[in-house]
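Report on one structure; see the data block that follows.
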Amino acid sequence: MRPDTSSPLLLAEGLVREFELPGGALFSRKKILRAVSEVSFSIGRREVLGLVGESGSGKTTIGRLVMRLLPPTRGRILFDGIDLTALSGGALRSHRRRFQMVFQDPYASLNPRMRVREIVEEPLAVHGIEPGKGARRERVAHLLERVGLSARDMERLPREFSGGGRQRIGIARAIACGPELLVADEPIASLDLSMGAQIINLFSSLVETEGMSLLFISHDIPVVRYLSDRVAVLYRGSVVESGPTEKVFSSPRHPYTRLLTEGSLSAEPAAPSGELRSPDSSASSVSAGSVSAGSVSAGEIGLCAFLPRCGEARPECRILPPPLYSDGEGGREALCHLLQGEIAWLPLHPSNQGSPSDVPIASSR
Amino acid sequence: MGGGETLLCVDNLTVTLATREGTIEPVKEVSFSVGRGEAVGLVGESGSGKTLTGLSLLGLFPAGAKPPKGRILFEGSDLLSLSPSRLREIRGQKISMVFQEPQSALNPVLTVATQMEEIYKSHTALPSSEIRGRILERLREAGLPDPLTVSRSYPHQLSGGMRQRVMIAMALALDPLLVIADEPTTALDPTVALQILALLSRIRKSSGQSLLFISHDLSHVRRVSDRVLLMYAGRIVEEARSPIFFSTGPRHPYGRALLASRPEGATLTRKDGPLAAIGGQVPPLWDLPEGCSFAPRCERADDLCRSVLPPWKSEGEGRVFCHHPVDTPLGAPVHAA
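Chains as they are written, first to last, in my numbering: chain W, 4 to 368; chain U, 8 to 344.
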């Protein structure tokens, strides 16, 4: 049974993802990196959830978990009430048309030898949509126009397009099957300034007119603020603060969110230890030898990962893991000792830690 | 010029390149100056020619470049007509560069100390003990709290922010008069980027260097620059003092449009309507339109713009390369810092 439309489209509960790091001596204990730690969030229909954080915060891993490109170590992902983590093979594939991804790098994510028509057509073929040749062609033409390209572009190759043009092709492919959820991982990070705004407007109109939901992963705070209804701030694999975008950014409660939003020039910490290279992160960094001690050990005993960089730490921050506080009706949550005793903020029960209190847990059994 | 004495004066610089698509001019009739102790921001999108302009100041030109036209006067002598050995002396010693990607600009198989020693050994006759002391001093100035450990590290053992601090320490090793920083914050996380910007400003203020800050990020340019140069398709199209550019607003329609395309205002959300995106895209350099290069994307363009190259129009300390510059001030400061 599908729950009614008032329940969230996507619900992630207690997601954990660990990676085994390569290297180490033959019989030494394997090093485990926890890239995502007890992360819970929901995305409503027609809603944009912004996921912000630095490189290494686990935001890309979360995107891949939601897309089921990567299985979680623990936790559940409910899509429209269906537990995606329990599905595999054909059962999973039949649901895939309902959630699609737009990748960061439009150069690497398009097959350079395929024509635009073939790229956009492929998901239609995979899911058996519009089997007739003429109808499918018409649909591709329509999709290209929807993303600001034209039917004339069908027989062109990706290399004939600029970065912005390629990103449009990637979006056309993602929306080809009429998905309900788009996951966009840094979709404008590699685009020029003047192109970025065009692509943001396109996402905005897909949400407003097509009614899609969007998980928008980015480190660009002004853009996230513009586009998102709600936002989740990630630090070292944990959601440290979440809530309605305007509230979170206009009066951030977690010190890390404050750091992100204020970006104050006056406070230049002298290379804080938190700036040491983070273990996860993209591209350059999977060498076990150089993993910074701080993040792993702090994570293991459950202390606040932001502690080494925090200017407002209290004694209890060094002893106890940070509790999750909620402001109840306001829909905000923050994982921080500093909220102790604040009016309107109450700690959530430890067993509830990480799961949004304002969202009914959809059970489809 | 902010009243200061001129350190660098680029006069009508044109770089010509032969490519498969034809002959292009990625830097076209570029003129600007940098005063002593002044920070100048060079803004533009990719392909606008800002990086090539920066590299030209070090006498570095891409393969296939024809001999550049124009002059680059540094402390009165023309860098373009200096002998290679004189140019080498100036590079590093008087003009140095901080690159975008410290990971690829540093040598991965040498420790930080070894790489910095090289700079001193090739440019000075200092004894080794003195060199070691200076290296640690420079690393400390660059905001690295444990210079000794950092100096013994290899680049891969450092985070992106720490590597960029090492790059800055290296650029400052010989107390240059001019530092060129090419997108020094682009590869960094936002909070780290702000620390690096603060570091650049602090060092410049304490040691009086001049800075040419090349970036596509307007909010970063605003933070460090006294003056702004805006580039489009190989040309500088506007020059203005930073406070005027960001609060009164740029006079070139392209600058206006760039500012408006970012949701930088305090409360702008998608419910307020779409972003003011610039339509179309930057024209390829081998196929530039007649007249003004921005005309095809410009709301103010008319037949004149599409056929005749615009004239330079000056106002106060600023100038704009446009037939129909914008005269109305911005409603409110757009890039709230």
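For each residue, glycine too, the CB sits at the ideal point set by N, CA and C.
- Task: Name the two residues that bound the continuous beta strand (DSSP E) containing Lys320 (chain U).
- Result: If you look at Lys320 (chain U), you'll find it in the beta strand (DSSP E) that goes Trp319 to Glu322.
Coarse secondary structure for Ala149 (chain U), derived from DSSP in three states
Ala149 (chain U): coil per DSSP, three-state reduction.
Closer than 8 Å, CB to CB, is Asn114 (chain W) near chain U or not? Chain U contact via Cβ: absent.
Next on the checklist: For Arg239 (chain W) and Ser43 (chain W), what's the separation of their Cα atoms in angstroms?
Outcome noted: If I take the Cα positions, the gap works out to 15 Å.
Rounded to whole angstroms, what's the CA-CA distance from Gln107 (chain W) to Arg317 (chain W)? Just pull it up for me.
-> For the pair Gln107 (chain W) and Arg317 (chain W), the Cα-to-Cα distance works out to about 39 Å.
Chain W within 8 Å of Ser222 (chain U), Cβ atoms only:
Answer no: the Cβ-Cβ gap between Ser222 (chain U) and chain W never drops below 8 Å.
Backbone CA spacing between Met8 (chain U) and Phe252 (chain U) [nearest angstrom]:
Residue confidence for Met8 (chain U) is low, a pLDDT of 43 falling below 50, so the modelled location carries little weight; the figure read from the coordinates is stated next. About 15 Å.
* **Beta-carbon spacing of Phe81 (chain U), Leu15 (chain U) below 8 Å** => Phe81 (chain U) is a Cβ neighbour of Leu15 (chain U), given a cutoff of 8 Å.
If you draw a straight line from the alpha carbon of Gly371 (chain W) to that of His145 (chain W), how long is it in whole angstroms?
-> This structure cannot settle anything about residue 371 (chain W), because the visible part of chain W is limited to 4 through 368.
Can you list, in chain order, the stretches of the beta strand (DSSP E) that have 3 or more residues and sit fully within the segment 185-251 of chain W?
-> Taken in chain order, the complete beta strand (DSSP E) segments of 3 or more residues contained in the segment 185-251 of chain W are 216-221, 233-238 and 241-247.
In the DSSP output, what is Val199 (chain U) paired with across the bridge? DSSP lists no partner for Val199 (chain U).
Got a sec: which bits of the segment 243-268 of chain U sit with their beta carbon under 8 Å from any beta carbon on chain W, in order along the chain? Answer in chain order: Ala264, Leu265 and Ser268.
Using a Cβ-Cβ distance under 8 Å, would Asp196 (chain U) count as near chain W? So, interface residue.
request  = Tell me, please, whether the CB atom of Pro281 (chain U) is closer than 8 Å to any CB atom in chain W?
outcome  = Pro281 (chain U) has a beta carbon lying within less than 8 Å of a beta carbon in chain W.
Residues near Leu188 (chain U) by beta carbon distance below 6 Å, same chain, minus five either side = Looking at the sequence shown, residue 188 (chain U) is not Leu but Ala. Spatial neighbours of Ala188 (chain U) in its own chain (CB-CB distance under 6 Å, excluding positions within 5 residues in sequence) are listed in chain order as Val105 and Phe220.
### Query
Rounded to a whole number of angstroms, what is the C-alpha to C-alpha distance between Pro290 (chain U) and Lys35 (chain U)?
Going by C-alpha positions, Pro290 (chain U) is about 15 Å away from Lys35 (chain U).
Nearest neighbour of Leu179 (chain U), chosen from U:Glu137, U:Arg147 and U:Cys329 [CA to CA]
Distance from the Cα of Leu179 (chain U) is smallest, within the candidate group U:Glu137, U:Arg147 and U:Cys329, for U:Arg147.
* Asked: Can you find a CB in chain W that lies within less than 8 Å of the CB of Thr276 (chain U)?
  -> So, interface residue.
Query raised in the report: Using the beta-carbon count (16 or more within 10 Å), is Lys57 (chain U) buried or exposed?
Result: A residue is called buried when at least 16 other Cβ atoms come within 10 angstroms of its Cβ; Lys57 (chain U) meets this threshold and is buried.
Notebook entry, point to check: Got a sec: is the Cβ-Cβ distance from Gly167 (chain W) to anything in chain U below 8 Å?
Noted result: Interface residue, yes.
(message) For chain W, check one thing: does any of its Cβ atoms lie closer than 8 Å to the Cβ of Ser158 (chain U)?
(response) False, the Cβ-Cβ gap to chain W never drops below 8 Å.
| query | Assuming Leu292 (chain U) contacts Gly241 (chain U) under a Cβ cut-off of 8 Å, what Cβ separation, rounded to an integer in Å, is found between them? | reply | Right, the Cβ-Cβ distance comes to about 6 Å (below 8 Å), so this counts as a contact.
Handout entry: Stretch-stretch touch, CB-based, cutoff 8 Å, three pairs: the segment 323-336 of chain U with the segment 247-266 of chain U
Key = Inter-segment contact for the segment 323-336 of chain U and the segment 247-266 of chain U is present: three or more beta-carbon pairs are separated by less than 8 Å.
For this session: Report the three-state DSSP secondary structure of Leu107 (chain W) (helix, strand or coil).
Result: Inspection of the sequence shows that residue 107 (chain W) is occupied by Gln rather than by Leu. Coil.
message = Below 7 Å on C-beta distance, what does Pro270 (chain U) contact in chain W?
response = Going along chain W in sequence order, the residues near Pro270 (chain U) (Cβ under 7 Å) are Pro225, Val226, Arg228 and Tyr229.
CB Thr248 (chain W) to CB Asp232 (chain W), shorter than 8 Å? Yes, the pair counts as a contact, with Cβ atoms nearer than the cut-off.
Inside the segment 8-84 of chain U only - alpha helix (DSSP H) runs reaching at least 4 residues:
Assignment of alpha helix (DSSP H) within the segment 8-84 of chain U, counting only whole runs of 4 or more residues, yields 57-63 in chain order.
| request: Compare the Cα-Cα distances from Leu262 (chain W) to each of U:Val199, U:Arg263, U:Thr23 and U:Arg307 and report the closest residue. | output: When each option's Cα is compared against that of Leu262 (chain W), the closest is U:Val199.
Kindly indicate if chain U contains any beta-carbon less than 8 Å away from that of His145 (chain W). Proximity of His145 (chain W) to chain U, defined by a Cβ-Cβ separation below 8 Å, is not satisfied.
Based on Cα-Cα distance, which residue from U:Ala25, U:Ser314, U:Leu59 and U:Thr192 lies nearest to Tyr239 (chain U)? Check the Cα spacing between Tyr239 (chain U) and each of U:Ala25, U:Ser314, U:Leu59 and U:Thr192: the tightest is with U:Leu59.
Quick check: is the beta carbon of Met198 (chain W) nearer than 8 Å to any beta carbon in chain U? True, the Cβ-Cβ gap to chain U drops below 8 Å.
**Study point:** For Leu68 (chain W), the first and last residue of its enclosing alpha helix (DSSP H)
**Key:** If you look at Leu68 (chain W), you'll find it in the alpha helix (DSSP H) that goes Lys62 to Val69.
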